[in-house]
Every structure is written in structure tokens, then in C-alpha cells.
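What follows is a short report on a single structure.
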Amino acid sequence: MTTRTPQRTSRRKRPVRRLFTRLFGIVIVIGIILGAALLSYRPFAGSGGEAQGDLPIYLGGARTVSLAEVQDKLAALDWVKQVLLPVNDYSRPGTALEEINNIVVHYVGNPGTTAAQNRSYFSRLADSGETLASSNFLIGMEGEILECVPINEVAYCSNWRNEDTISIECCHPGESGEFTNDTYDSLVRLTSWLCNELGLDSSDVIRHYDVTGKECPKYYVEHENAWEVFKSDVQEALDVIQALPAPEQKGAAD
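Going by my numbering, the letters in the sequence shown line up with residues 268 to 521, in that order.
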């Protein structure tokens with residue numbers, strides 16, 4: 268029988284020690300990954316039931332904005348008409364927005380239809396269940412602004428960006444998708460007001476096209492220069508609002 272020397276025994280134990288060291292390291296890495304996932308998880312309210320939209324958003328680590336407070340300010344504006352959809356699974360799920368990073372501009376894609384007609388379409392989805400569709404705002408061809416889904420809730424409009432954006436759908440008279448002057452003026456007015464309240468600027472205003480590549484809003488996809496002019500007009504209006512004393516900014520777009 269061969270007698271093992273202490274040196275040989277030690278050599279055979281080294282691979283075992285290395286194995287345990289590696290396994291321990293893997294366990295630590297998995298723990299770190301799971302911990303990060305839990306910290307980044309953001310639960311959303313389920314479909315139906317009471318709307319949950321009073322969570323704050325944080326801007327630049329400095330300014331905290333309550334979306335519920337901004338919604339209350341919207342409700343007090345005499346140039347925005349609230350015609351909120353009932354909470355349902357197909358057009359207003361009642362899911363809370365935790366943050367707003369962009370404002371997305373759309374066109375309705377149905378030439379000649381009014382804001383009221385498009386709002387009715389969203390409402391009927393609660394019964395028909397044919398698709399998921401809605402927007403936070405609709406702007407008509409005469410410049411009327413309807414709020415259909417509160418800005419502190421998810422609207423079904425911008426695909427995978429529904430959970431961190433608000434949407435504005437605009438009516439248009441023709442196939443080109445070009446907005447009337449009244450629609451355009453109201454879009455600039457609403458967008459600049461929202462930017463001021465949410466701590467955004469014109470660079471945070473995007474098209475549906477910028478999210479999915481869809482030709483929406485059609486006119487501003489086909490006319491990039493016109494889109495840049497629109498964003499410039501929004502920034503100019505925003506600068507005017509921000510130059511006012513804080514108490515006067517509430518209805519600054521008047």
C-alpha cells in the first residue's frame with residue numbers, strides 16, 4: 268500500500284478549493300443581479316378598477332413633479348375640455364404612469380373626422396374589444412382640445428413607450444395629414460404648457476414615427492423641416508412661459 272505524502276494530499280485539495288471559490292463567486296454575482304432587478308422593478312396597477320395616478324416623477328434630481336398635481340392644473344384650464352373615458356381594458360386601463368420622459372405627437376389617420384368622433388371611437392372599444400387604442404389628448408380641426416385619458420395614466424397610443432410618455436392625437440382635413448392652423452396653434456399651446464409643467468423641453472417632443480417607424484404624424488414624417496419648425500415654435504412658447512413669474516405660469520398659454 269502506497270502512503271500519501273502531505274504534499275500530494277495538498278495538491279489534490281487545491282482543485283476542490285478553487286471549485287468552491289468559483290461557486291461562491293457565482294452565487295455573489297447572481298445575488299447582485301437579482302437585487303438590482305428587484306430595485307428596478309416598477310409595479311403598475313392592473314387593468315380596470317380605480318385609477319392609480321398619484322405617483323411622483325423625478326426630474327434631474329432637483330425638481331419633483333406630482334403627476335396628480337399637474338392633472339389637477341389641467342382640469343382647471345378653460346381651454347382644455349375634460350371628457351375622460353371610463354376605466355376599461357381597451358382604452359383606459361387605469362394604469363398609473365410613474366414618469367413622463369417624452370410627449371408623442373400623432374395624427375388620427377382618418378381625414379375629416381372630428382375630435383369628438385375619435386373620442387367616441389375610443390369609448391366604444393370598451394364594448395367592442397376589437398383593439399387597444401386611445402390617447403391622452405385629441406385636438407380637433409377647429410383647435411378644440413379634449414383630454415380623454417388623464418396624464419397620470421397610461422394611454423394605448425405609443426406602443427412600447429406607453430408607460431413613460433403622454434400622447435396627443437391631432438385631427439386633419441386631408442390625406443396629406445397636414446394640420447389646420449387652429450390645430451397647429453393648439454398643439455403648440457398644449458405641448459409648451461405640458462413641457463413647462465413636466466420639466467421637459469422641445470427636444471423631448473417626438474413623433475410616433477420616432478418610436479416605431481410608423482408614418483405618423485404623416486405630414487411631419489414627410490416634411491422634416493416642418494417638424495423642426497414646430498419644435499422651434501414649441502420652444503419659443505415655452506421660453507415665454509418660463510420668463511413669467513411663477514404665479515402667472517399656471518394659465519400662461521392664454
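Positions of the beta carbon are idealized from the N, C-alpha and C atoms, including for glycine.
Since the structure is predicted, the reported quantities are computational estimates derived from the model, not experimental observations.
Based on Cα-Cα distance, which residue from 485, 466, 457 lies nearest to residue 475?
The residue given as residue 475 occupies position 208 in the sequence shown. Closest option to residue 475, Cα to Cα, is 485.
Let me confirm a value: residue 492 is counted as buried when at least 16 other C-beta atoms fall within 10 Å, else exposed. Which label applies?
Here the question's residue 492 lines up with position 225 in the sequence shown. With fewer than 16 Cβ atoms within 10 Å of its Cβ, residue 492 is classed as exposed.
Beta-carbon contacts of residue 532 that lie in its chain and below 8 Å, excluding the five residues immediately before and after
No information on residue 532 is available, as it lies outside the stretch 268 to 521 that the chain covers here.
In angstroms with no decimal places, state the Cα-to-Cα distance between residue 350 and residue 412.
Along the sequence shown, one-based indexing puts residue 350 at 83. Along the sequence shown, one-based indexing puts residue 412 at 145. Cα-Cα distance, rounded: 10 Å.
Reference residue 513, options 434, 460, 470, 503, closest by Cα
Against the sequence shown, residue 513 aligns to sequence position 246. It is 460.
For residue 452 and residue 333, what's the separation of their Cα atoms in angstroms?
As a first step, residue 452 is located in the sequence shown; it is residue number 185 there, counting from the start. As a first step, residue 333 is located in the sequence shown; it is residue number 66 there, counting from the start. A straight line joining the alpha-carbon of residue 452 with that of residue 333 spans about 27 Å.
If we ignore side chains and look at the alpha-carbon of each, how far apart do residue 340 and residue 508 end up?
Taking the sequence shown and counting its residues from 1, one reaches residue 340 at position 73. Taking the sequence shown and counting its residues from 1, one reaches residue 508 at position 241. One C-alpha to the other measures close to 15 Å.
How far does the beta strand (DSSP E) with residue 374 in it reach, from first residue to last?
Counting from one through the sequence shown, the residue named residue 374 turns up at place 107. Under the DSSP assignment, residue 374 falls in the beta strand (DSSP E) whose first and last residues are 369-374.
Helix, strand or coil for residue 328 per DSSP?
The count along the sequence shown starts at 1 and reaches residue 328 at position 61. Note that residue 328 scores a pLDDT of 37, beneath 50, so its modelled location is shaky and nothing firm can be said.
Does residue 434 pass the burial test, meaning 16 or more other C-beta atoms within 10 Å, or should it be called exposed?
In the sequence shown, the residue the question calls residue 434 occupies position 167. Burial call: buried.
What would DSSP say about residue 511, mapped onto helix, strand or coil?
Working through the sequence shown from its first residue, we reach residue 511 at position 244. The three-state reading of DSSP puts residue 511 in coil, since its state is none of H, G, I, E or B.
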